[in-house]
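The sequence shown runs 355 to 906 under my numbering. Even glycine gets a Cβ: it sits at the ideal position worked out from N, Cα and C. Below is one structure, written out as structure tokens; the observations come after it.
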Amino acid sequence: MATPTPAVRAALRRRRIAAGAGLGALLLATAGGTTAMVGSVQAAPTCTAPRNVTVATTDEMYDLVFAQARKVENQRTVCVHYDVRNIPSSTVDLQLKTGAPEAPDIWIPDASLWVNDVSSKLGDGWVNVIGTVATSPVVLGVPTALKGDPLAKPVDTWANMLARGGLLTVQDPGSTSSALTTMQAANNTSLDHDKRTKLLRSVLQLSRGTMSMTTLSQRATQGPGLARIFPLSEQQLIAYDRSAKTPLDTLVPAQGATQMDYPYVTTVKADPVPAPAARALYSALTSPDGTQALTKAGFRTPARDGRAPAYPSGSPLGRDLKLVPPISVKQTVASYKAWVDLARDARMLVLIDVSGSMSTPVNAGSTRIDLLVGTAVGALGALPPTTQLGAWAFSTNLQGKGKDWVPLSNGINTIGGTPAGLKYRDQLTATAKTLPKYVARNGDTALYDTIWAAYQYSTKTYDNNYVNSVVVLTDGTNDDPGGGLDLKGLIANLKKQYRADRPVKIVTIAMGTDTDPTALKQIATSTDGLSYTTRDPSEITSVFVDAFLQRN
355 MATPTPAVRA
365 ALRRRRIAAG
375 AGLGALLLAT
385 AGGTTAMVGS
395 VQAAPTCTAP
405 RNVTVATTDE
415 MYDLVFAQAR
425 KVENQRTVCV
435 HYDVRNIPSS
445 TVDLQLKTGA
455 PEAPDIWIPD
465 ASLWVNDVSS
475 KLGDGWVNVI
485 GTVATSPVVL
495 GVPTALKGDP
505 LAKPVDTWAN
515 MLARGGLLTV
525 QDPGSTSSAL
535 TTMQAANNTS
545 LDHDKRTKLL
555 RSVLQLSRGT
565 MSMTTLSQRA
575 TQGPGLARIF
585 PLSEQQLIAY
595 DRSAKTPLDT
605 LVPAQGATQM
615 DYPYVTTVKA
625 DPVPAPAARA
635 LYSALTSPDG
645 TQALTKAGFR
655 TPARDGRAPA
665 YPSGSPLGRD
675 LKLVPPISVK
685 QTVASYKAWV
695 DLARDARMLV
705 LIDVSGSMST
715 PVNAGSTRID
725 LLVGTAVGAL
735 GALPPTTQLG
745 AWAFSTNLQG
755 KGKDWVPLSN
765 GINTIGGTPA
775 GLKYRDQLTA
785 TAKTLPKYVA
795 RNGDTALYDT
805 IWAAYQYSTK
815 TYDNNYVNSV
825 VVLTDGTNDD
835 PGGGLDLKGL
845 IANLKKQYRA
855 DRPVKIVTIA
865 MGTDTDPTAL
875 KQIATSTDGL
885 SYTTRDPSEI
895 TSVFVDAFLQ
905 RN
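Take a look at the structure:
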């Protein structure tokens, strides 16, 4: 589904302004158990044609919202039918960002990060938060079988907790936001480069080994070989402890517990939900009756000042539980994007400089091209098997006059996971080992023409399911006796070609002292990419891995 067109967005914006004005003018008051409209709007005496209002919320909140929706309908203070649907927050997030017609009128996600993500994509005002329905702190659940494991020992920050790896597993963000809230807290910690890289390595692994709450609950009782330590909300913890013979222990980093909140959101649509209908359901959910039901289900509520639930056996988390300080909207959006990009596989076209200078010795018995061969072989074994990779060698006139690059692969393909993928990886490995023969031709460096050709190819073959990039490995500056693009022309072309909704990012990695770091940085920046310079060519492998991890 495509992003809404400018005309559609303009029409919806007019609706948004009107909807916002209506919500500001029409308020509900609750007195003596009867909900009535303030102002000139009266309770509906008859309701022969109720307005259908779609409401989307998460699995753990569904029954509670459904019950309160039916109560509002029966009270007949508004003529409305609430079509309550159990839809993951991530699904509604995508529906709203793409302008899907099935997007709901009212949305109760399990975390405000989804609201922030929609706003960062569409702009302010497309989702309007009326208030908070409930909250639920996120901590680590530790099965009894793992109480003595080193991973279960106290830790200072969420960043260090996630970086431990080992027996730590997270729930699928498609069903709950517990993993994303821990990622927010971890990403909000001040980290040096090495610690951040370690965190991203762990997140990469965690994103590819998520499990459902049902699976984690089953494993928790099956001994140390299968049990996992995992983040979960207090509401999930209470539900587990009520049904399990042995409750989970809990672990909270000194930084504090993260928190899932449940904002009540109206969305902007061509036919916006009437303000009385939107307010009536919110008032019911936050009324004494709604608050009691939420608390009984294991949620904390604003009406109880966020105190821990006490039904029937209480929460194992004290009311004095330390919470992570509020995280800025910018940081929550950045954290979510980091998770999404790491969870998505990379699709890279790697450009390898084979100009004459790559024969320069760097240590006993090795040249620059030898190090790049080692980097290529090592990356093929270290990158996730679902990564897509292609490679070109470039210098000047490699395929005759004016043809400065030569493909080392048949397109860009998956490097593992299937027999075909494994065969392709073996072919790339064998091809990488032949790179020194190209250097023997002592060509120059048609850097700019090659980058532009590769960028056009990667844009043409763009795949929405991947993080698409062009990675440039070079030890020199643009040196093309045959002419071609200059720096100004290349950057102009890249900026014109770049699309924020279909981004192909350029990552430049310069090795040695004969490069032009300033030019390479300008090239990368023009596509919102990354630029690295290493004076020590022996560090090229670690730099390449870092570029992969930092690709968002």
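Contact annotation: the segment 493–504 does not touch the segment 652–659, with fewer than three C-beta pairs closer than 8 Å.
Contact between the segment 734–748 and the segment 781–797 is present: three or more C-beta pairs spanning the two stretches fall below 8 Å. Within its own chain, the residues whose Cβ lies closer than 7 Å to the Cβ of S473, once the five positions on either side in sequence are excluded, are W480 and V481, listed in chain order.
In chain order, T411 and V438 place their CB closer than 6 Å to the CB of V419, counting only its own chain and leaving out the 5 sequence neighbours on each side.
Three or more beta-carbon pairs drawn from the segment 737–752 and the segment 697–711 are found closer than 8 Å, and the two stretches are therefore classed as touching. For F748, the enclosing beta strand (DSSP E) stretches over residues Q742 to F748. The alpha carbon of T575 has as its nearest neighbour, out of G485, V487 and T600, the alpha carbon of T600.
Its Cα nearest to that of T612, the residue S587 stands out among G528, S587, L580 and V708. In this structure A631 touches R405 by the C-beta definition: roughly 6 Å separates them, less than 8 Å.
The three-state secondary structure of S490, taken from DSSP, is strand. For Y618, there is no enclosing alpha helix (DSSP H); the enclosing beta strand (DSSP E) has its first and last residue at T612 to T621. Under the 8 Å Cβ criterion, the segment 615–630 counts as touching the segment 456–474, having at least three qualifying pairs.
Counting along the chain, K859 sits inside the beta strand (DSSP E) bounded by residues V858 to M865. Non-local C-beta neighbours of A638 in its own chain, meaning closer than 7 Å and more than five positions away in sequence, comprise Q422, K425, V426 and G644, ordered along the chain. For V716, the enclosing beta strand (DSSP E) starts and ends at P715 to N717. Ranked by Cα distance from Y809, the first of R856, S566 and D603 is R856. If you ignore the 5 residues before and after S823, its C-beta comes within less than 8 Å of the C-beta of A700, R701, M702, L703, S812, V858, K859, I860, V861, G883 and R905, all in its own chain and listed in chain order. In the displayed model, V606 falls within coil according to three-state DSSP, outside both helix and strand.
A747 places its beta carbon 9 Å or farther from that of V683. If you look at V426, you'll find it in the alpha helix (DSSP H) that goes D413 to Q429. Taking the Cα of L522 as reference, the smallest distance to any Cα among I484, F584, S466 and D548 is reached at F584.
With a beta-carbon spacing of about 13 Å, P491 and L605 fall beyond the 8 Å limit used to define contacts. Following the DSSP letters along the chain, one finds I877 inside the alpha helix (DSSP H) bounded by residues P871 to T879. Take the alpha-carbon of N764 and the one of L874: they are about 27 Å apart.
Bounds of the beta strand (DSSP E) holding W461 are I460 to I462. It is roughly 16 Å from the alpha-carbon of W468 to the alpha-carbon of A539.
For G728, the closest of V899, D478 and N542 by C-alpha to C-alpha distance is V899. Within the model, the alpha-carbon separation for K777 versus K787 is close to 16 Å. By the Cβ-count criterion, G771 is exposed, with fewer than 16 other Cβ atoms from all chains shown falling within 10 Å of its own Cβ. With a cut-off of 8 Å on Cβ pairs, the segment 543–556 is not in contact with the segment 564–571, counting fewer than three such pairs. Here DSSP, grouped into helix, strand and coil, assigns S682 to coil.
Comparing alpha-carbon positions, the option among D724, E893 and M515 lying closest to Y792 turns out to be D724. With fewer than 16 other beta carbons inside 10 angstroms of its own, R562 counts as exposed. Beta-bridge annotation (DSSP): H435 is paired with N406. In this structure, I592 places its C-beta atom within 9 Å of the C-beta atom of S669. The C-alpha of L903 is placed about 40 Å away from the C-alpha of T408.
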